[in-house]
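J.:
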Amino acid sequence: MFQAKGPSSTASSNEAKSNMGTSIVQRSKSFSLKAQVKETCNACQKTVYPMERLVADKFVFHNYCFCCKHCHTKLSLGSYAALHGEFYCKPHYQQLFKSKGNYDEGFGRKQHKQLWLQKEVENGTDTA
1 MFQAKGPSST ASSNEAKSNM GTSIVQRSKS FSLKAQVKET CNACQKTVYP MERLVADKFV
61 FHNYCFCCKH CHTKLSLGSY AALHGEFYCK PHYQQLFKSK GNYDEGFGRK QHKQLWLQKE
121 VENGTDTA
């Protein structure tokens, strides 16, 4: 009634299964159970999970953290303008920077014209 199965009987049963066309499923080599690197939001410094991840100019954000620096309205990938790592809505970007004609002046930096005048004075050439 009951037969003891030894090593020879299991080997023959595995060979019989493989001969019938069934194949052994192998796990992909690219599949890994290792923990993925956690990304942090550029605005709030909290963990960003894949479903809420948004990448703009190589910075990672939550969907709800991607806001205009000036008015704090939520931005989308089609409605933002970036300058020096800061993100703005298009109307405020134009208001703050394009009306002055110089991006550096909006950030409180020296204008390029002043830098050129300093170089001319240092070189000894005076255009005035």
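To convert, note that position 113 of the sequence shown is 113 in the UniProt record's numbering; the numbers rise steadily by one, no gaps.
Beta carbons: idealized from backbone N, C-alpha and C, even for Gly.
None of the values given here were measured: they were computed from a predicted structure.
Grouping DSSP H, G and I as helix and E and B as strand, with all else coil, what is residue 75?
T.: Looking at residue 75 - three-state DSSP - the assignment turns out to be coil, as it is neither helix nor strand.
J.: What does the alpha-carbon distance come out to for the pair residue 40 and residue 87?
T.: Taking the straight line from one Cα to the other gives about 17 Å.
J.: How far does the alpha helix (DSSP H) with residue 92 in it extend, from its first residue to its last?
T.: Note, residue 92: alpha helix (DSSP H), 90 to 93.
J.: Consult DSSP for residue 37 and reduce its assignment to one of helix, strand or coil.
T.: Coil.
J.: What are the start and end residues of the beta strand (DSSP E) that includes residue 43?
T.: Here residue 43 belongs to no beta strand (DSSP E), and DSSP marks it neither H nor E.
J.: Hey, out of 96, 56 and 120, whose CA is closest to residue 71's CA?
T.: It is 96.
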